[in-house]
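Residues in the sequence shown are numbered consecutively from 13, following the working numbering. Glycine included, every Cβ here is placed at the ideal spot set by N, Cα and C.
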Amino acid sequence: MPLEATTWIRKMRGGAQAHLVTADDGHHYVVKVKQNPQHRRVLVNEWVSSVLLDYLRIPSPKVEMIRLTEQFLSAHPEVAISIGSRAEPVAPGLHFGSRMPVNPDRFVIYDYLPDALLRTVGNIRDFAGILVFDKWVHNADSRQCVFFRAQLRDFGASEPRPRKEGFVALMMDHGYIFGGPHWILEESPLAGLYCRQLVYENIRSLDSFQPWLDMVRNFPPEILDRAYRQVPEWWLNGDRELLEQLLERLYRRRARIDALIEDSRSGRINPFPNWP
Ligand SMILES: Nc1ncnc2c1ncn2[C@@H]1O[C@H](COP(=O)(O)OP(=O)(O)O)[C@@H](O)[C@H]1O
Ligand SMILES: [Mg+2]
Numbered sequence: 013m014p015l016e017a018t019t020w021i022r023k024m025r026g027g028a029q030a031h032l033v034t035a036d037d038g039h040h041y042v043v044k045v046k047q048n049p050q051h052r053r054v055l056v057n058e059w060v061s062s063v064l065l066d067y068l069r070i071p072s073p074k075v076e077m078i079r080l081t082e083q084f085l086s087a088h089p090e091v092a093i094s095i096g097s098r099a100e101p102v103a104p105g106l107h108f109g110s111r112m113p114v115n116p117d118r119f120v121i122y123d124y125l126p127d128a129l130l131r132t133v134g135n136i137r138d139f140a141g142i143l144v145f146d147k148w149v150h151n152a153d154s155r156q157c158v159f160f161r162a163q164l165r166d167f168g169a170s171e172p173r174p175r176k177e178g179f180v181a182l183m184m185d186h187g188y189i190f191g192g193p194h195w196i197l198e199e200s201p202l203a204g205l206y207c208r209q210l211v212y213e214n215i216r217s218l219d220s221f222q223p224w225l226d227m228v229r230n231f232p233p234e235i236l237d238r239a240y241r242q243v244p245e246w247w248l249n250g251d252r253e254l255l256e257q258l259l260e261r262l263y264r265r266r267a268r269i270d271a272l273i274e275d276s277r278s279g280r281i282n283p284f285p286n287w288p
């Protein structure tokens with residue numbers, strides 16, 4: 013069931029000109045609208061990513077479709093798209109919402125951590141998992157995530173002390189999978205990498221990408237089908253058949269996942285300091 017935005021909080025930074033709102037479930041959402049300056053397809057990319065990442069059990073924000081009503085939009089003229097000096101109005105309807113993992117009024121969410129803290133992230137191994145994903149789906153952007161403090165056990169960190177608190181990385185911003193608006197699956201050694209090499213220090217061979225490598229190699233077609241069926245018609249503007257073909261190409265690309273990962277070592281710099 014779609015949610016409805018109730019209060020507008022602020023604009024977020026970033027190329028999609030997203031907005032922070034609260035919705036009628038009481039949570040905070042970063043909303044990308046259909047008319048965002050990147051492309052309508054980034055909403056589809058975000059939605060499909062979320063379905064795939066849930067299956068791969070890589071921590072990422074919960075996503076929802078968020079209705080922006082006419083009343084909400086007329087009460088908040090700030091929710092417009094700036095193109096040069098023009099402000100384009102946003103159409104009422106369903107848009108994409110990425111839920112904040114904690115209430116930002118009470119807890120801090122970080123875009124970056126200094127290296128000394130980055131090393132302590134409880135699910136640092138998920139950077140290997142998300143690279144498998146990013147290579148498979150051709151994320152043309154570099155890897156982005158947010159960090160917050162949580163009970164490590166709740167986020168799959170292999171932490172023997174059940175109540176141990178620490179930083180968790182939540183993998184987000186998937187607007188540029190499939191090459192963004194282009195819906196292409198290309199190969200590019202640097203795409204999808206995180207800006208700090210230390211997250212890859214535990215990678216020593218292809219085996220370091222397990223269990224995600226096997227999960228992608230044997231990816232169930234039903235999950236791709238689920239993603240396909242969930243994408244609303246309003247975001248597609250007649251792209252339904254193109255999306256079907258894209259997901260079929262993605263399904264076939266599973267077979268090349270080893271080569272796609274190996275290829276990241278052939279760029280200008282090898283991102284894996286311990287896998288020469
Ligand atoms: N689920 C989320 N939880 C916390 N912060 C988020 C979430 N989604 C987005 N953000 C914040 O909003 C900013 C913009 O979102 P992002 O998806 O990166 O959009 P863009 O495509 O414009 O870069 C991010 O840099 C991050 O700080
Ligand atoms: Mg971003």
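Figure out for me which residue from the options has the closest Cα to the Cα of residue i.
| i | options | result |
| --- | --- | --- |
| residue 176 | 154, 150, 184, 134 | 134 |
| residue 215 | 277, 105, 61, 203 | 277 |
| residue 192 | 150, 226, 143 | 150 |
| residue 288 | 212, 245, 224 | 212 |
| residue 235 | 83, 66, 183 | 66 |
| residue 209 | 273, 265, 127 | 127 |
| residue 63 | 203, 227, 238, 82 | 238 |
| residue 241 | 59, 104, 161 | 59 |
| residue 41 | 61, 74, 48 | 74 |
| residue 267 | 144, 243, 285, 183 | 144 |
| residue 117 | 34, 86, 167 | 34 |
Please classify residue i as buried or exposed, where buried requires at least 16 other C-beta atoms within 10 Å of its C-beta.
| i | result |
| --- | --- |
| residue 96 | exposed |
| residue 57 | buried |
| residue 38 | exposed |
| residue 207 | exposed |
| residue 262 | buried |
| residue 185 | buried |
| residue 156 | buried |
| residue 76 | buried |
| residue 69 | exposed |
| residue 23 | exposed |
| residue 71 | buried |
| residue 85 | buried |
| residue 188 | buried |
In terms of residue numbering, what span does the alpha helix (DSSP H) encompassing residue i cover?
| i | result |
| --- | --- |
| residue 235 | 233 to 242 |
| residue 229 | 224 to 229 |
| residue 261 | 252 to 265 |
| residue 272 | 269 to 274 |
| residue 246 | 245 to 248 |
Answer yes or no: the CB of residue i versus the heavy atoms of ligand 1, is any distance below 8 Å?
| i | result |
| --- | --- |
| residue 110 | yes |
| residue 105 | no |
| residue 27 | yes |
| residue 183 | no |
| residue 30 | yes |
| residue 38 | no |
| residue 71 | no |
| residue 121 | yes |
| residue 113 | yes |
| residue 77 | no |
What are the start and end residues of the beta strand (DSSP E) that includes residue i?
| i | result |
| --- | --- |
| residue 41 | 40 to 44 |
| residue 17 | 15 to 23 |
| residue 28 | From DSSP, residue 28 is part of no beta strand (DSSP E); its letter is neither H nor E. |
| residue 106 | 105 to 111 |
Is any heavy atom of ligand 2 found at a distance shorter than 8 Å from the C-beta of residue i?
| i | result |
| --- | --- |
| residue 191 | no |
| residue 153 | yes |
| residue 222 | no |
| residue 156 | yes |
Entirely enclosed beta strand (DSSP E) segments - the segment 115 to 194, minimum 3 residues: 157 to 163, 177 to 183
Complete runs of the alpha helix (DSSP H) confined to the segment 66 to 100 [at least 4 residues]: 82 to 87
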